[in-house]
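Q: So that we are looking at the same thing, I have put the structure below in structure tokens.
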Amino acid sequence: MSEVNARIGEIVNKNDIVLFMKGTPLFPQCGFSSRAVAILEHLGAPYESVDVLQDMEIRQGIKAYSDWPTIPQLYVKGEFVGGSDIMMEMYEAGELHQLFIDSGLATQG
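Residue numbers for the sequence shown follow my numbering, beginning at 645 and rising by one.
In structure tokens form, the structure reads like this:
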């Protein structure tokens, strides 16, 4: 395993919910990252974020780590969930909130 993969694995596994994004939750640097943050904020579950623009190794490495070509990327309990479009579809269907409930990261309601 490469050093970058090890770093990414540590981030993914030590945080219940982590969003790899462009920018920060307070200042997203692309519309897709902004939408991902808005979804997570609306659901109210605590999450960590990683600004891939601050680390080019992570920016490239996360794409290989997940075998997913775009950013943002959401991980819940160490598992890759998807990018902004998948997050939106799951959110609209109530599946993302249910995933958080099933993972013990949110409550009903």
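The beta carbon of each residue, even a glycine, is placed where N, CA and C say it ideally should be.
Expressed to the nearest angstrom, what Euclidean distance is found between the alpha-carbon atoms of glutamate 692 and methionine 665?
A: Here residue 692 refers to the residue found at position 48 when the sequence shown is read from its first residue. Here residue 665 refers to the residue found at position 21 when the sequence shown is read from its first residue. Cα to Cα, glutamate 692 sits roughly 10 Å from methionine 665.
Q: Ignoring anything shorter than 3 residues, give me the beta strand (DSSP E) runs that lie fully in the segment 645 to 681, in order along the chain.
A: The segment 645 to 681 contains these whole beta strand (DSSP E) runs: 661 to 665.
Q: Residue range of the alpha helix (DSSP H) that aspartate 746 falls in?
A: If you number the sequence shown from 1, residue 746 lands on position 102. 739 to 746 is the span of the alpha helix (DSSP H), which, as asked, contains aspartate 746.
Q: Give me the DSSP bridge partner(s) of glutamine 717.
A: Taking the sequence shown and counting its residues from 1, the one referred to as residue 717 is at position 73. Looking at the DSSP assignment, glutamine 717 forms a beta bridge with Phe664.
Q: Do three or more CB pairs link the segment 670 to 679 to the segment 710 to 724 at distances below 8 Å?
A: Contact holds: three or more Cβ-Cβ distances are below 8 Å.
Q: Quick one: grab the DSSP three-state call for aspartate 711.
A: As a first step, residue 711 is located in the sequence shown; it is residue number 67 there, counting from the start. In the structure shown, aspartate 711 sits in coil (DSSP, three-state: anything other than H, G, I, E or B).
Q: So, using beta-carbon positions, are methionine 731 and leucine 740 closer together than 8 Å?
A: Walking along the sequence shown from the start, residue 731 turns up at place 87. Walking along the sequence shown from the start, residue 740 turns up at place 96. Taking 8 Å as the Cβ cut-off, methionine 731 and leucine 740 qualify as a contacting pair.
Q: Measure the beta-carbon distance from valine 694 to isoleucine 683 and round it to whole angstroms, keeping in mind my assumption that it falls under 8 Å.
A: Walking along the sequence shown from the start, residue 694 turns up at place 50. Walking along the sequence shown from the start, residue 683 turns up at place 39. So it is not a contact: roughly 17 Å between Cβ atoms.
Q: Taking C-beta to C-beta, are glycine 705 and isoleucine 661 nearer than 8 Å?
A: Within the sequence shown, residue 705 is the residue found at index 61, counting from 1. Within the sequence shown, residue 661 is the residue found at index 17, counting from 1. Not in contact: glycine 705 and isoleucine 661 (Cβ atoms no closer than 8 Å).
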